[in-house]
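Undergrad:
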Amino acid sequence: MPRVLTARFMHETNTFSRVRTDLGEWRKRDFHRDNEIPAAFRGTRSALGAGFEAADKYGWTLIHPISANANPSGTVTDDAFEHIGGAILAAARDQGPIDGVLLHLHGAMVVESHEDGEGELLARLRAVLGPDTPIVVTLDLHANVTQAMADHASALIAFRSYPHIDMYERSWQGAELLERAMKGEIKPKTVIARRPMLYGLDWGRTQRGPMAELIARGEALESAGEVLAVSICAGFPLADIRDVGPTVTVTVDGNAAKGQLIAEEFMDHAWATRDFTTVNMLTVAEAVARCRETGDKPLVVADFTDNPGGGGYGDATAFLKGLVDAGIENVAFHAICDPEAVAAGMKSGIGPATLTLGGKIDPALGGGPLTLSGEITHLTDGRFIAYGPMGGGVERNYGPSLVFRVGGIDIILISNNGQATDLAQFTSLGIDPTRYATVAVKSMQHFRAAFEPIAREVILVHTGALCQVDYNPENFKRVRRPIWPIDESV
Ligand SMILES: [Zn+2]
Numbered sequence: 056m057p058r059v060l061t062a063r064f065m066h067e068t069n070t071f072s073r074v075r076t077d078l079g080e081w082r083k084r085d086f087h088r089d090n091e092i093p094a095a096f097r098g099t100r101s102a103l104g105a106g107f108e109a110a111d112k113y114g115w116t117l118i119h120p121i122s123a124n125a126n127p128s129g130t131v132t133d134d135a136f137e138h139i140g141g142a143i144l145a146a147a148r149d150q151g152p153i154d155g156v157l158l159h160l161h162g163a164m165v166v167e168s169h170e171d172g173e174g175e176l177l178a179r180l181r182a183v184l185g186p187d188t189p190i191v192v193t194l195d196l197h198a199n200v201t202q203a204m205a206d207h208a209s210a211l212i213a214f215r216s217y218p219h220i221d222m223y224e225r226s227w228q229g230a231e232l233l234e235r236a237m238k239g240e241i242k243p244k245t246v247i248a249r250r251p252m253l254y255g256l257d258w259g260r261t262q263r264g265p266m267a268e269l270i271a272r273g274e275a276l277e278s279a280g281e282v283l284a285v286s287i288c289a290g291f292p293l294a295d296i297r298d299v300g301p302t303v304t305v306t307v308d309g310n311a312a313k314g315q316l317i318a319e320e321f322m323d324h325a326w327a328t329r330d331f332t333t334v335n336m337l338t339v340a341e342a343v344a345r346c347r348e349t350g351d352k353p354l355v356v357a358d359f360t361d362n363p364g365g366g367g368y369g370d371a372t373a374f375l376k377g378l379v380d381a382g383i384e385n386v387a388f389h390a391i392c393d394p395e396a397v398a399a400g401m402k403s404g405i406g407p408a409t410l411t412l413g414g415k416i417d418p419a420l421g422g423g424p425l426t427l428s429g430e431i432t433h434l435t436d437g438r439f440i441a442y443g444p445m446g447g448g449v450e451r452n453y454g455p456s457l458v459f460r461v462g463g464i465d466i467i468l469i470s471n472n473g474q475a476t477d478l479a480q481f482t483s484l485g486i487d488p489t490r491y492a493t494v495a496v497k498s499m500q501h502f503r504a505a506f507e508p509i510a511r512e513v514i515l516v517h518t519g520a521l522c523q524v525d526y527n528p529e530n531f532k533r534v535r536r537p538i539w540p541i542d543e544s545v
């Protein structure tokens, strides 16, 4: 029976964040070791869930040392990287022989000592396993893919949907490739192309535009048997690292030159369309004005710039303040991440309370702390099973959480940061979001999978929080130059 090493080690690093990502940040979100992993993921529509199904189908013995996924935040500490990466490398060394690897990485991890966290991990893994063991890696489509990642992985398979609702399918695609490679039917090799661009492909939006066009063309090449896999990554621009930006990788069976031609041609299209955008953000005042309207379904308002899924602190108060000041009612607000305010609320318990919430990590961004009087109506431990479509069936943990009703606004306060992607983030706190005139969330795009179906309309608001990208050269000291849009003449 083939022995397959599988693991999940994911982080999207916003190098502009003040929050250091130490091991504690991983442990409070999603951190499972060894025998905890089947119980948490078997039977779920997740990347690891697909791996268990593939193992059953192909008769693999799975070695699964660790699954760790921290919320996007600042630079990862060396200690956390060595701890989690070390568990994967130790399994490769000590639980062999390993016939193949199916690894689930993000692709935009920056570690204190390694700008390219995934490239470093894959280089070390390749050194342990030697040149011939197939290593198949799934990636987030916001990966900043590097030459080292392409060189040390046999195949790279990025998500094709933003919101990311295809982790299960991509993992299955990787498992099929891995099975063929272990049988000796194919010898996958991956090549990469990039352009001098820090940003592009509409930050990965897959509904329409260049990202959707290139994904469709890549899938056509896969179906025709021309290549094994084509992955389009939009990159993650909130990272001051040399290799930031969009990439195309092509995984071929042998013929690297042909793959390189395809990758270059695809990147020409990404370059030509670099200005394309579907994002239209309203000011706080404009968004608040829209919340006076009513309809048969909620208006969903997303704070684009305080997206916890992009490293935002999740504690921006500017939009909430706008709603309170304007006396807007019938609003469900997710969320302010503020462990101190939650602790104070837990202490006072159900009933009237005055809390100071949000704006504490960097008061200069997205509005400072807000002191409000209201009523605490619900208290929970913040754990529940997600409905999906993103990660349905998997447990989430937002830490101690509560509902604070201020006027006509039900404000959810959480202790572990995370963007709104699932209706259970409301219903687990006794709030039915479909019954409100306005539902406020913090997210750039992922919220759409669950919240667009309940919305009469979706709008985006700009609160001046951390996830606005400011292409001032002062902010990007390590990026390769020249690069668009920092340098006009590239
Ligand atoms: Zn992503």
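If you're matching positions, the sequence shown starts at 56 in the numbering used here and goes up one per residue. Cβ coordinates follow ideal geometry from the N, Cα and C atoms, glycine included.
(1) Please confirm if the stretch 263-280 is in contact with the stretch 523-543, defined as three or more CB-CB distances below 8 Å between the two stretches.
(2) Since I believe residue 229 is in contact with residue 241 (beta carbons under 8 Å), could you give me their beta-carbon distance rounded to a whole number of angstroms?
(3) Cα separation between residue 264 and residue 331?
(4) Quick one: Cα of residue 542 to Cα of residue 337, how far?
(5) Where are the beta strand (DSSP E) runs, 3 residues long or more, that stay fully inside the stretch 385-443, in chain order?
(6) Check whether the stretch 474-486 touches the stretch 295-304, counting contact only when three or more Cβ pairs, one atom from each stretch, lie closer than 8 Å.
(7) My understanding is that residue 75 touches residue 132, with C-beta atoms under 8 Å, so please give their C-beta distance in whole angstroms.
(8) Check whether the stretch 452-466 touches the stretch 374-393, counting contact only when three or more Cβ pairs, one atom from each stretch, lie closer than 8 Å.
(9) Does the stretch 465-477 come within contact of the stretch 431-443, defined as at least 3 CB pairs closer than 8 Å?
(10) List the whole-angstrom C-beta distance separating residue 16 from residue 431, where the pair is believed to meet the contact cut-off of C-beta under 8 Å.
(11) Restricting to Cα atoms, I'd like to know which of 129, 101, 112 and 448 is closest to residue 521.
(12) Mind reading off the beta-carbon distance from residue 81 to residue 125? Whole number of angstroms is fine, and I expect it under 8 Å.
(13) Of the choices 508, 500, 501 and 428, whose alpha-carbon is the least far from that of residue 488?
(14) Please classify residue 543: does DSSP put it in a helix, a strand, or coil?
(15) Have a look at 398, 334, 221 and 387 and flag the residue whose alpha-carbon is nearest the alpha-carbon of residue 484.
(16) Taking 6 Å as the cut-off, is the C-beta of residue 85 nearer than that to any heavy atom in ligand 1?
(17) Closer than 5 Å is what we want: which residues have a beta carbon that near any heavy atom of ligand 1? List them in chain order.
(18) Specify, as a first and last residue, the run of the beta strand (DSSP E) that residue 464 falls within.
(19) Where DSSP assigns a beta bridge to residue 177, which residues make up the other side?
(20) Helix, strand or coil: how does DSSP classify residue 457 here?
(21) Bridge partners for residue 450 per DSSP, in chain order?
(22) Does the stretch 410-417 come into contact with the stretch 186-199, if we say contact requires no fewer than three beta-carbon pairs (one atom in each stretch) closer than 8 Å?
(23) Quick check: what's the CA-CA separation for residue 322 versus residue 425?
(24) Tell me where the beta strand (DSSP E) around residue 244 begins and ends.
(25) Cutting at 6 Å between CB atoms, please list the residues of its own chain near residue 372, excluding the five before and the five after it.
(26) Confirm, please, whether the CB-CB distance from residue 106 to residue 177 is below 7 Å.
(27) The alpha helix (DSSP H) that contains residue 136, what's its start and end?
(28) Do the stretch 136-143 and the stretch 59-69 touch if we need at least three Cβ pairs shorter than 8 Å?
(29) Compare the beta carbon distance of residue 381 and residue 445 with 7 Å and say whether it is the shorter of the two.
(30) Beta-carbon within less than 6 Å of residue 355's beta-carbon, same chain only, minus the 5 sequence neighbours each way: which residues are those?
(31) Please report the distance separating the alpha-carbon of residue 216 from that of residue 317.
(32) Which parts of the stretch 239-298 are runs of the alpha helix (DSSP H), unbroken and 4 residues or longer, counting only runs that do not cross its ends?
(33) In chain order, what residues of the same chain have a beta carbon less than 6 Å from the beta carbon of residue 449, not counting five sequence neighbours either side?
(34) Going by the DSSP bridge assignment, what does residue 514 pair with across the sheet?
(35) Excluding sequence positions up to five away, which residues of its chain have a Cβ less than 6 Å from the Cβ of residue 466?
(36) Beta strand (DSSP E) containing residue 58: first to last residue?
TA: The answer reads as follows:
(1) By the criterion of at least three beta-carbon pairs nearer than 8 Å, the stretch 263-280 is not in contact with the stretch 523-543.
(2) At roughly 13 Å, the Cβ-Cβ gap does not stay under 8 Å, so residue 241 and residue 229 are not in contact.
(3) Taking the straight line joining both Cα atoms gives about 7 Å.
(4) 27 Å
(5) For the stretch 385-443, whole beta strand (DSSP E) runs of length 3 or above, ordered along the chain, are 386-392, 406-412, 425-435 and 438-440.
(6) no
(7) 6 Å
(8) yes
(9) yes
(10) Within the shown structure, residues of the chain are numbered from 56 to 545, placing residue 16 beyond reach of any answer.
(11) 129
(12) 4 Å
(13) 508
(14) coil
(15) Residue 484 has its Cα closest to that of 387, out of 398, 334, 221 and 387.
(16) no
(17) 195 and 197
(18) 464-469
(19) DSSP output for residue 177 lists no bridge partner at all.
(20) strand
(21) 440
(22) no
(23) 46 Å
(24) Counting along the chain, residue 244 sits inside the beta strand (DSSP E) bounded by residues 243-249.
(25) 413, 414, 422 and 425
(26) no
(27) 133-149
(28) yes
(29) no
(30) For residue 355, the CB contacts under 6 Å within the same chain, skipping 5 residues up- and downstream, are 494, 506, 510 and 513 in chain order.
(31) 21 Å
(32) Taking only runs of at least 4 residues, the alpha helix (DSSP H) segments lying wholly in the stretch 239-298 are 265-278.
(33) 99, 101 and 441
(34) 356
(35) 388 and 459
(36) 58-65
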